[in-house]
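Heads up, the thing below is written out as C-alpha cells.
There are 2 protein chains.
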Amino acid sequence: MNIFIVYAHPEPRSLNGSLKDVAVNFLRSSGHEVIVSDLYAMSWKTAADRNDFTRHNSDQRLFYMYASAQAYHHGTQSNDIEKEQEKLLWADVVIFQFPFWWFGMPAILKGWFDRVFACGFAYGVGQYDKKNYGNRYGEGTFKGKKGLLSVTIGGRKHQYDQRGINGPIDDLLFPIHHGMLWYAGMSVLPPFIVYQADKTSEKQFENYKLQYQERLSRLRAAQPIPFRYQNNGDYNHRQQLKRKFVNGESGFSLHVEE
Amino acid sequence: MNIFIVYAHPEPRSLNGSLKDVAVNFLRSSGHEVIVSDLYAMSWKTAADRNDFTRHNSDQRLFYMYASAQAYHHGTQSNDIEKEQEKLLWADVVIFQFPFWWFGMPAILKGWFDRVFACGFAYGVGQYDKKNYGNRYGEGTFKGKKGLLSVTIGGRKHQYDQRGINGPIDDLLFPIHHGMLWYAGMSVLPPFIVYQADKTSEKQFENYKLQYQERLSRLRAAQPIPFRYQNNGDYNHRQQLKRKFVNGESGFSLHVEE
C-alpha cells in the first residue's frame with residue numbers, strides 16, 4: 024500500500040521521532056511505499072492567511088473559505104499546499120505522528136490541516152440539498168483511505184479513562200477523528216497511544232516498538248471506528264441524529280454505531 | 024478591570040476583527056483597561072521549538088517540557104513568550120477571539136498556547152503528592168482570573184446541539200475551556216458564539232454587536248461554568264472522579280458540577 028506519514032515534532036531524537044522511524048522502517052520492509060512529511064524539517068508554514076493563494080487581490084477582504092475554494096479549483100493554491108494534497112491523494116493510509124499538547128495536536132500540525140484541507144478538497148465537496156448535505160462524514164475526497172493517529176501523551180492512562188479528570192481519550196480525540204478525518208471521508212483506525220511518554224525507558228521503548236509494529240502489520244485488516252455516515256439515514260434533514268438512536272446517551276459517543 | 028484580548032484572524036475586516044473592535048471600544052468606554060494581542064499582525068511565531076529558549080544547547084536533545092520549565096525559572100524564555108506571560112499576569116479577564124476552524128482554534132492561536140502556557144507557569148505548578156496533584160484544574164497561576172471565548176462558526180447552530188452531527192458545542196470547546204483555561208486556574212465564562220458566520224448581514228451584525236456588548240457588560244457578575252476542582256475532594260488520588268458523582272452519565276459533562 025501507499026502510506027503517508029505526517030510527522031510533527033521539533034526533535035528528531037524524540038520518542039515521536041523514533042516512532043516515526045519505526046513506522047518507516049517496518050512498513051518499507053513489509054513491502055509498502057512510504058513517504059513522510061516532517062513538518063518541522065520542512066519549516067511548514069503554519070498560519071493560514073492570504074499568502075496561501077497565489078492570485079488573491081491584496082486589497083480584497085479575505086474570506087478564507089471562499090478564497091480556498093477558488094484557489095483550489097483554479098490551481099492557484101500555494102505550492103506547499105498542493106504538494107501535500109497530492110500526497111494525500113496518493114496515499115491509501117495516512118498516519119499522523121504527534122505529541123498531545125494541551126489536549127490537541129501541536130500548532131504546526133493544526134496549521135497543516137487548516138491549510139491543506141482546502142475547501143473543495145476536504146470540505147465543501149458534493150451537492151448540498153435536503154437528501155445529501157455535502158459529501159462529508161464518511162464520504163468525500165478521502166473515501167476508501169484510512170487514517171491512524173499515533174500519539175504520545177505526557178499524562179497517565181487512568182487520567183484519561185471514563186472518570187479521569189482530563190476526560191476520556193476517545194472524546195478528546197473526537198474532534199480530530201470525527202471532525203477532520205471522518206468528515207473528509209477517511210475511515211479512522213483506533214489510535215496508537217503511548218502514555219507517560221516523558222518517562223519512557225529504553226526497555227519500555229522496545230515494548231512500544233513491538234506493539235506499534237503489531238498494529239502496523241494489521242493496517243489492511245483492522246476494523247475502523249464505526250462512526251455513523253451522515254447520508255445513510257441515521258440523521259434527519261437538519262443533520263441531527265434521529266431520536267431512535269439516542270438511548271439515554273449523550274455526547275460524542277452518539278455518533279459511533281453500537 | 025484589566026482586560027486582555029487575544030485575537031486570531033488574518034483579515035482585519037472580518038467578522039472576528041469587527042467583534043474584537045466591538046470589545047475594545049465597548050470595554051474602554053466602560054472604563055476598563057484593554058490590551059490586544061493581534062497574533063497575525065504580530066507575525067506570532069507559531070511552532071514550538073528550541074528557539075523558544077535563548078540558552079538551549081543546540082546539541083542537546085530537546086525535551087520541550089523540561090526546557091520550558093528551565094527557561095521559565097531562569098528567565099531565558101524568548102522575549103515574545105515573556106511579553107505574553109506578562110499580559111496574562113496583568114489581566115483580570117482574558118478574551119479569546121477566533122474563528123472555529125476544523126473544530127478547534129486556528130493554528131496561530133494553538134501556537135500561542137503551546138508556547139506561552141509554559142511549564143512552571145501554566146502547568147507543572149505546585150506540589151505533586153497524593154493529596155495535591157499539582158495546582159491545576161481550578162488552581163494555579165491564573166486563579167482569580169476569568170476567561171471568555173468569543174468564537175465564530177461557519178455551520179448552523181442545530182448541527183452543534185445535543186444530537187447535531189458535529190457534536191455538542193460544549194463538548195467541542197471542552198479541551199479549551201477545561202483543558203487549557205480551567206487547567207491553568209482560570210474561571211471560564213460561558214462562550215459567546217456566532218453561528219453561520221460567513222452569512223452575517225449588516226443587520227445581523229448590529230444584533231450580534233448588541234448581544235456581545237450585553238455579555239461584556241456582565242463580565243464581573245457573570246457566573247462561570249462550574250467545572251469541578253481537582254483538589255477539593257471530588258476526585259480520588261488517581262485524579263478520577265469518585266463513583267458517587269457518576270449518575271449514569273459519561274463524557275466531559277461529568278466534570279461540571281450539577
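As you go down the protein sequences, you meet chains A and B in turn.
Per this note's numbering, the first sequence starts with residue 24, numbered consecutively.
Per this note's numbering, the second sequence starts with residue 24, numbered consecutively.
Note that beta-carbon positions come from the ideal geometry of N, C-alpha and C, so glycine has one too.
Do you know how far the Cα of residue 272 of chain A is from the Cα of residue 188 of chain A? 20 Å
Compute the distance between the beta-carbons of residue 117 of chain A and residue 27 of chain A, then report whether it is under 8 Å. yes
Residue(s) in a DSSP beta bridge with residue 118 of chain A: A:28, A:171
Interface positions of the stretch 128-142 of chain B facing chain A (Cβ-Cβ less than 9 Å), listed along the chain: 128, 129, 130, 131, 132, 133, 134, 135, 136, 137, 138, 140
What does the alpha-carbon distance come out to for the pair residue 90 of chain A and residue 105 of chain A? 15 Å
Any chance the stretch 193-208 of chain B sits against the stretch 158-172 of chain B, with 3 or more Cβ pairs inside 8 Å? yes
In chain B, which residues lie with their C-beta within 8 Å of the C-beta of residue 118 of chain A? Ordered by position in chain B, no residue passes the 8 Å Cβ test against residue 118 of chain A, which lies about 18 Å from the chain.
Across which residues does DSSP place residue 215 of chain A in a beta bridge pair? A:173
Check whether chain B comes within 8 Å of residue 273 of chain A, counting only Cβ atoms and requiring the distance to be less than that. yes
So within the stretch 30-102 of chain A, which uninterrupted alpha helix (DSSP H) runs reach at least 4 residues, ignoring any that extend past its ends? 38-52, 87-97
Candidates B:113, B:85, B:75, B:120, of which the one nearest residue 102 of chain B by Cα: B:75
Would you mind working out which of B:257, B:191, B:31 sits nearest residue 161 of chain B, comparing C-alpha positions? B:257
What residues from the stretch 184-200 of chain B come within 9 Å of chain A, judged by C-beta to C-beta, listed N to C? 184, 185, 186, 187, 188, 189, 190, 191, 194, 195, 197, 198, 199
Going by C-alpha to C-alpha distance, which of A:262, A:196, A:255 sits closest to residue 276 of chain A? A:196
Judging by CA-CA distance, which residue of B:142, B:229, B:214, B:46 is the nearest neighbour of residue 57 of chain B? B:46
Option nearest residue 172 of chain B by Cα separation, candidates B:140, B:235, B:181: B:235
Give the secondary structure of residue 124 of chain A by DSSP, where H, G and I count as helix, E and B as strand, and everything else as coil. strand
Span of the alpha helix (DSSP H) around residue 192 of chain B: 192-199
Per-residue DSSP class, three states only, for residue 246 of chain B: coil
Counting only beta-carbon separations shorter than 8 Å, does residue 243 of chain A have a partner in chain B? no
Residue closest to residue 34 of chain B, alpha-carbon to alpha-carbon, out of B:61, B:51, B:49, B:25: B:61
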